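Quick notes on the structure that follows.
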Amino acid sequence: MATDNDEPSSFEDLPLRVGAGQFMDPAPERLRYIKQLGADDVLLNMYQVDEPDYEHMPDDERVPLTGDGEWSAENLRELRERVEAEGMRLNAIENVPVSFYEDVMLDGPNRDEQMEKLKRTIRNMGEAGIPVFGYHWAPAGVWRTGWATTRGGAEVSVFDADEADVDELTHDREYTEEELWDNYEYFLDEILPVAEEAGVTLCLHPSDPPMERLGGVPQLFRNFENFKRAMNYRDSDHHGLDLCLGCWSEMGEPLDEVVRYFGERDEIVYVHFRDVSGTVPNFSEDFIDEGNYDEYELLSLLDEVGFSGMMIPDHTPHLEGDTDWEHRGRAYTIGYLRGMLKAMRAEQAARDAGVEAVAQD
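Residue numbers (the working numbering): 22 to 382.
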């Protein structure tokens with residue numbers, strides 16, 4: 022269990038494990054529910070903190086993160102302590118509000134001010150003992166075009182480029198690929214030294230959907246080649262991937278090659294374990310056992326390349342009687358992941374025992 026004096030690297034001593042995330046408020050009842058499912062680790066998704074609707078939440082349900090584009094060490098520590106009060110670990114915060122760094126991504130008039138606030142937030146995360154800062158480089162946001170039904174009538178989200186006005190500008194103009202890369206490299210040049218000093222790891226999420234561009238904005242992190250460029254730009258132990266398997270599945274890239282390449286370089290920080298059916302420009306979310314890839318083979322490969330972090334359910338089907346957070350869909354996925362992990366360990370133990378028996382003979 023982390024304390025104020027723990028270094029974020031203490032998480033590196035933990036084994037490959039299943040956690041939970043994709044929610045903002047670590048209410049005690051939700052944390053207890055997650056722990057009842059067998060997970061001790063959480064990742065908090067804070068993209069809504071500055072949204073107007075958040076102001077209408079009851080005071081005792083609001084997360085303790087306030088501030089004009091930045092978060093204090095005191096607030097972050099209180100957030101971690103809420104999680105630890107239920108006997109759990111806060112591994113990461115991801116998807117901070119786009120407004121925190123939109124001008125950094127697009128070289129807007131408030132770029133330098135936003136960058137200084139980002140730096141302070143990273144330093145404060147380190148001081149508060151939260152080891153990972155998950156981010157994306159997608160100012161146009163995540164796009165979906167509707168809903169469909171899958172097994173037993175469960176509801177899943179869908180993206181169909183033919184039904185999306187992908188050319189309608191989301192910002193003031195069209196942006197070029199070169200502009201987005203220049204802005205991204207500026208971001209890394211400025212923020213990585215701060216993260217290294219603070220002991221915080223930056224974690225990059227893919228574009229979703231991984232189209233070439235959306236709303237006039239290039240989707241940089243849409244393919245294997247661009248991720249290699251991002252990871253190779255600066256050599257740092259404090260920068261890696263949020264390996265969102267669903268997004269990689271949407272790309273149609275060879276997932277075994279992706280996992281081997283980044284896993285052998287120790288650049289996978291944590292995993293969003295989900296899948297889709299189909300690829301861009303037309304795909305739908307699906308159950309973890311009914312998508313494009315073989316989930317057990319990928320789990321085994323992650324273990325083989327030495328990944329020992331946290332994997333969480335990402336988007337899940339909305340089951341009968343489910344809630345907005347898909348409690349039931351996430352319970353199914355957590356149980357499935359834990360079952361696969363247990364089966365993999367049993368298979369490894371049996372294989373090791375067989376090797377030992379042969380050696381003794």
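Glycine included, each C-beta is placed from N, C-alpha and C at the ideal position. Note that the structure is a prediction, hence the values are computed from the model and not measured.
The criterion of a C-beta distance shorter than 8 Å is not satisfied by N112 and L58. The way I'd put it, the stretch 328–345 does touch the stretch 165–184; three or more beta-carbon pairs between them come closer than 8 Å. Distance check between A169 and each of F180, F294, R234 and E246 places F180 closest, using alpha-carbon atoms only. The Cβ atoms of G155 and N116 sit closer than 8 Å to each other.
When secondary structure is reduced to three states using DSSP, E306 falls in the strand class.
E311 and F245 have their alpha carbons spaced roughly 23 Å apart.
Sequence-distant Cβ neighbours of M126 in its own chain, meaning closer than 7 Å and more than five residues away, are W158, P160 and N204. Just measuring C-alpha positions, the residue of R172, S93 and R165 sitting nearest M232 is R165. Every beta strand (DSSP E) of 3 residues or more that sits fully in the stretch 131–216 is shown, in chain order, as 153–156, 167–170 and 176–181. For H226, the secondary structure class from DSSP, reduced to helix, strand or coil, is coil. Excluding five sequence positions before and after G162, none of the CB atoms of its chain fall closer than 6 Å to its own CB.
Under the three-state reduction of DSSP, S329 is assigned to coil, being neither helix nor strand.
Counting along the chain, the unbroken alpha helix (DSSP H) around F245 starts and ends at F245 to Y254. With 16 or more other Cβ atoms from the protein chains shown falling within 10 Å of its own Cβ, D335 counts as buried.
Using a 10 angstroms sphere on the CB of Q135, the tally of other CB atoms reaches 16 or more, which defines it as buried. Around the beta carbon of K363, fewer than 16 other beta carbons sit within 10 angstroms, so the residue counts as exposed.
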